[in-house]
Amino acid sequence: MILPSLLFAFLPALTAFPATAVSSPPLGSPPSSNPAQGDGKPADFPARIRKRLGALAASKGNALLLRYGTSREGRPLVALRLTRAGAVADAHPRPSILVVAGLDGRRIDDVEVAMGVIEAFLDTKEGGPAEALSKADLYVIPCANPDGLAATAEGPPPTAGNGAPLDEDRDLREGEDPPDDLNGDGRISWMRIPDPGGEWIEDPERPGRMRKADPSKNERGRFLLVPEGKDDDGDGLWNEDPKGGVLPQRNFPHLYPEHSRGAGAFVCSEPCARALAEFCVANPAIAAVLVFGEEDNLRGDPRGNDAGERRPPTGILPEDLPFLKECAKLYRELTKVGPGGRDRWEGRFHATAYAVLGRWPLATSLGPVPPPEVPDLVGAELARIEREEGKGGKDRSLARNPPATRKPPKTKPRTAKEASRPSSRPTSGPDERKAREAGEWLPWKPFRIPGFGEVEIGGLVLGSAQRLPKDEIPTIARTQAAFLSALIDRLPAPRISKVEVRSLAKGVVEVEALVANEGFLPPLTEMGKRLRNPRKPRVEIWIRDPDRDEPRLLTPADRRPKLLIGRPWNFLEGLRGKGTMRRFRWILSTKGVTRIELRILQEGILHDRKEVRL
Amino acid sequence: MKTATLILCAAAWTAAAAELPSQAEAPRKTAIGEIDNLPWDRFYNYPDLVELARAIQRRWPKYVRIEEIGRSFQGRAILALTVHDPETGRAEDKPAMYVDGNIHGNEIQGAEAALYTAWYLLKHRKNAPKLRKIFERCTLYVLPTINPDGRAFWFDEANTTHSSRGGQIPTDNDGDGRYDEDGPNDLDGDGNLCRMRKRTPGEGNYKIDPKDPRRMIPCKPGEKGDWILLGIEGIDDDGDGRINEDGPGGYDPNRDWGSDWQPSWLQWGARPLPFGLPESRAVRDFLLRHPNIAGVQSFHNFGGMILRGPGDKNLPYPGPDRAVYDAIGKKGESLLPFYRYMVLWRDLYGVHGGEIDWTYLGLGILSFTNELWTWERWKQSEGKVDRKTLDEYEDRLAFGAHFVPWKEFDHPTYGRIEIGGSTKDSGRIPPGFLIREMLHRNASFVLYHMEELPEVVCTGKKVEQADENLFYVTVTLRNERLIPTRTAQAAAKRIGRPDVLEVRADGCRVLAAGEVRDPFRPAATKLFPPRFDPGRIPIERGLGSHGKLEIRYLVEGTGRLRFHYRGEKIRDLAFEVRIGH
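First to last, the protein sequences are chains A and B.
Per this note's numbering, the very first residue in the first sequence carries number 1; after that it's consecutive.
Per this note's numbering, the very first residue in the second sequence carries number 1001; after that it's consecutive.
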């Protein structure tokens, strides 16, 4: 019993730095299994990013490149740890924030923003974000789905998923009918095909924009609207079986949408999703995650929980909501973005980070405006086929991508149902103009498809709504870095604010310590308390033996000093926001011992320590 | 050349083996006894269980393949036996039954039940007609223990009948940052973890049962007792003032699976992430590699239950599948006296992330859990068996071997106490003389399930002239068995590959195909969507329980049509129709 206890007492320390324990590969030279490397081909997009990360890690003393897994196609999954100078080899983990970009393979610009954040934190100019690293570490994962990002960079078409083979249309062939760049302009947009059975018309108020005809207004559809491409497999359907693969951002455990389109064969089936979740488990010092992607809980108020007690939460618990709202407010102040954005939780990483791993979940869609809702015509087509073929399937695309609504912006926290829908559009002013112009729009131009006939190609360029304005990327990165810096200032910081020692009798003292949270966020989310993940902080008494250099935790068996009343360590519970306090008391028989040390430890993080003269 | 020689030798050996099966079947005598005449009256610790599995393979090497599908956390092999007749095809081309046991380390008899199923099928495959058919048609995959660490710990260390349920991954149960540092201790060194009691005259809340001085009974309100109970044998190993609060393991391997998985605050025993255990990942990958598995049986103990999911009332099981479950479950009740067919959440308790929920909800395979052994077997009659009745039977039929008499012990925290109580082999597992019947009846249930794995046959072929040089060709396929080729769950959720009906035309041309929905109105034929090649039609819903599928083709010209009906969970069916001959 004792031996294993001793052995496994070291486990937290080991698991706290699993990634550091794994030596990172030589910079910019991933293993030969990487299809993009070692075969004479130029480095692909994720490889170039790794190379840049490697160069930064090599040139800066406070950056460390970590490899935490391998993607489905064999690409290394890497994170960069940014810490204070000289702390790279520090045995103690430090409070940390994890930034994740590129889970959605289409969002290639988010990777550049993540790289911009890294550069901002490595810039040592006075007053810059780098100063925040004295308080906490930053882990940045710029390419969480390198396979999808590589495919998008190589594209078109842009690939949200990871390229795993799928048979979307259940015809026993996988990915055989993707969109095609018919006009060779390097982009995939839309085709409108004149057809008396079509449901779409050109919006008379917005020339060039398509919308569905409204029969109640005596409108009749004139066009079929399909993504640009041809019927590669000759089955009469257009682009219904793309090579998109599994969407890692739908593959995480919380509210996992099992069997839905793109969600994968089973929960965490995708190596990049599994590795990211495990990275978070293995690093309990990560207090908060910030995800750059499609979801957004920072532009507006985060969603509240509307599930019953003892049910998986569908939003932030009421105890945590005010803190997250403050974070969102801070974000809006620093980034000046407009409201909006969707916050879907089904299988999402930020939701899992909160509801399964107990961390503060932050998500932003980054751009000046949230990405617009693009109709999932492929999903709708598949659903239509299923209905027509009598398979009883409901509209799968609509089930996963709820239709747009025009509800007014809410001032109170949104419930899960509300938040899962796309937010209302701004009603007036420049925001509306920007919202309408999100994404790249092409004018409709006639095109002849051999063997089919005339169509028009134009409209929204696929994947462009997931891109950011090129010239604004540096600014966006700077504002994200400013937000992260401010967030670090708000991380929980339990401190021993006051210690009093009273003599009760000769050689007997009472020690009273006041512990207060000097940060803004509580040391644990309410969800974390329920999950017991991360563990609660503890207030501990440490002593120094005369014959040893290293101090150690006091035990009940010790005689010098002897603990008369109290426990050598106590859980630090009940600390909420800034200024909340807890009091601890012990009675000790000192027996010649003149000093003890009080420490606050959590998951190996040494939050504070104070020497006490007895 | 060498390879060719080897292949020739192997082929010659296979042919010889086929002619002389008795020579192909290897030594009967093994380290664990004569394999043909195993009495099946005891349970095997992990090394012996491995030896037993290997002995079965050595005894019938032609029919049994054994492989290591993964390793447990502590490095023990997880073995899988593939049992089938290679003369009737490849194992992966036949409908298969999957059986595992012992997911809970202390629920040991599941392993023997799984191995007994394979052993009995192999031993009696020739002389029992039903078994012969099953053996020729199906494959059996047996994973005797999918929690070898839990099993080894239960056998090798002191335990209660309930402890060692999980595996042996160190877990910080008390949140103090240390792992497994304060588990129970076998203070008296007798190999059991019994209970501790302390005499506190007039201040206790327990008293000795006047009818059975071994047992303690709680005092009634207002009554004073002379004893307090102090829990399971143990001391305060970590000096935190508490006893036994952080024992080995501390999680449940049957809460680790991917469907409806929930974290530990909603489901005790869950790991931080689903599929967090090396054992469940190995089993998951094995199941994914074998899409021919059409039936799953998991053996647990105890209580006499034939359980099906869902583990939560909010998880729907489609009606057609429920009907098949009910039919198999009810048959099980008739084969297993004192066992009841039950639904997990409704009749037992809620389970999130259970194994059989994943195999059904996630993989679309009909799955059962049997809770082996029930106390009613002691008295061989229906009716509740309370602790007192159990004691009486254990005293008479096990001759008191299931109880450790109370004896005094000096405890470092509690002072003078007494230690005593039930042994670890009481309660949850049967005595030796009742083991074999338990194994046999449960194996019979598995073999019944296996017998009902889907089997597609062609029951009708009809050619009619439609017009000049045009013909209707109608073929009728039927599933002869209870279990559908694709469960309603698999069809609704698009799990796995759909069945497919292929036709190759020789001398003629298939113009269109449709399904005959109403045999009395041939015009009601529903054409398959134009996106499908009529020569290769996916049948997403497959063939239901004893279901029929009638397909009509419009064919131009005369010639020959060669059909293939393929599915992941059936043996492929091939047949031919001639037109104009």
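Glycine is no exception: its CB is placed at the ideal position from the N, C-alpha and C atoms.
Please list, in chain order, the chain A residues whose beta carbon lies closer than 7 Å to that of residue i.
i, result
"B:Leu1266", "Arg310 and Pro312"
"B:Phe1275", "Cys268"
"B:Gly1258", "Phe266 and Val267"
If you check the beta carbons only, do residue i and residue j fall under 7 Å apart?
i, j, result
"A:Ala164", "A:Gly245", "yes"
"B:Trp1268", "A:Leu531", "no"
"B:Leu1366", "B:Ser1444", "no"
"B:Leu1143", "B:Ala1327", "no"
"B:Gly1166", "B:Tyr1251", "yes"
"B:Pro958", "B:Val1516", "Past the edges of chain B, shown from 1001 to 1581, lies residue 958 of chain B, and the structure says nothing about it."
"A:Asn621", "A:Pro257", "The structure shown does not extend to residue 621 of chain A, since chain A spans only 1 to 614, so no value can be given for it."
Would you verify that the beta carbon of residue i is, or is not, closer than 7 Å to some beta carbon of chain A?
i, result
"B:Leu1315", "no"
"B:Pro1272", "yes"
"B:Arg1531", "yes"
"B:Ile1419", "no"
"B:Gly1354", "no"
Using a beta-carbon distance below 7 Å, is residue i in contact with chain B?
i, result
"A:Pro556", "yes"
"A:Val539", "no"
"A:His259", "yes"
"A:Leu11", "Note that A:Leu11 scores 33 on pLDDT, short of 50, meaning its location in the model is unreliable; the coordinates nonetheless yield the value given after this. For A:Leu11, the answer is yes, since a Cβ of chain B falls inside 7 Å of its Cβ."
"A:Val246", "no"
Give the secondary structure of residue i by DSSP, where H, G and I count as helix, E and B as strand, and everything else as coil.
i, result
"A:Pro129", "helix"
"B:Asn1479", "strand"
"B:Thr1359", "helix"
"B:Thr1525", "coil"
"B:Phe1043", "coil"
"A:Arg599", "strand"
"B:Asn1314", "coil"
"A:Leu237", "coil"
"B:Arg1065", "strand"
"A:Thr335", "helix"
"B:Asn1205", "coil"
"A:Lys394", "In this prediction, A:Lys394 has a pLDDT of 37, which is less than 50 and means its spatial position is unreliable; what the coordinates show is noted afterwards. Three-state result, A:Lys394: coil."
"B:Glu1568", "coil"
Interface residues of chain B around residue i at Cβ under 7 Å?
i, result
"A:Lys536", "Gly1175"
"A:Arg359", "Result: empty, since nearest Cβ-Cβ is about 12 Å, beyond 7 Å."
"A:Pro253", "Trp1261, Leu1273 and Pro1274"
Might you give, ordered along the chain, the residues of its own chain that have their beta carbon closer than 6 Å to the beta carbon of residue i, omitting 5 neighbours on each side?
i, result
"B:Ile1169", "Phe1073"
"B:Trp1119", "Ile1056"
"B:Glu1455", "Glu1480 and Arg1481"
Listing by chain order, which chain A residues have their CB less than 8 Å from the CB of residue i?
i, result
"B:Gly1239", "Thr555, Pro556 and Ala557"
"B:Val1500", "Leu172"
"B:Gly1189", "Chain A residues near B:Gly1189: none, gap ~14 Å exceeds 8 Å."
Report all residues from its chain with a CB closer than 7 Å to the CB of residue i; omit the five preceding and five following residues, and keep chain order.
i, result
"A:Gly175", "Pro165, Leu166, Asp241, Pro242 and Lys243"
Note down, in chain order, every chain B residue with its Cβ under 8 Å from the Cβ of residue i.
i, result
"A:Asp171", "Arg1531, Phe1532 and Pro1538"
"A:Glu278", "Leu1273"
"A:Val356", "Pro1263, Pro1272 and Leu1273"
"A:Arg567", "Asp1240 and Gly1241"
"A:Val281", "Pro1272 and Leu1273"
Cβ closer than 9 Å: which chain A residues qualify as neighbours of residue i?
i, result
"B:Gln1074", "Simply none; closest approach about 11 Å."
"B:Ile1495", "His259 and Ala265"
Anything in chain B within Cβ reach of residue i, meaning under 9 Å, just list it in chain order.
i, result
"A:Gly236", "Pro1529, Pro1530 and Arg1531"
"A:Leu531", "Pro1263, Ser1264, Trp1265 and Pro1272"
Once you ignore the five residues that flank residue i on each side, which residues in its own chain have a CB closer than 8 Å to its CB?
i, result
"B:Gly1183", "Gly1234, Asp1237, Asn1244, Asp1246, Gly1247 and Pro1248"
"A:Gly116", "Ile473, Pro474, Ile476, Ala477, Arg478, Gln480 and Ala481"
Establish whether the CB of residue i and some CB of chain D are separated by less than 7 Å.
i, result
"B:Gly1362", "No chain D appears in this structure, whose protein chains are A and B."
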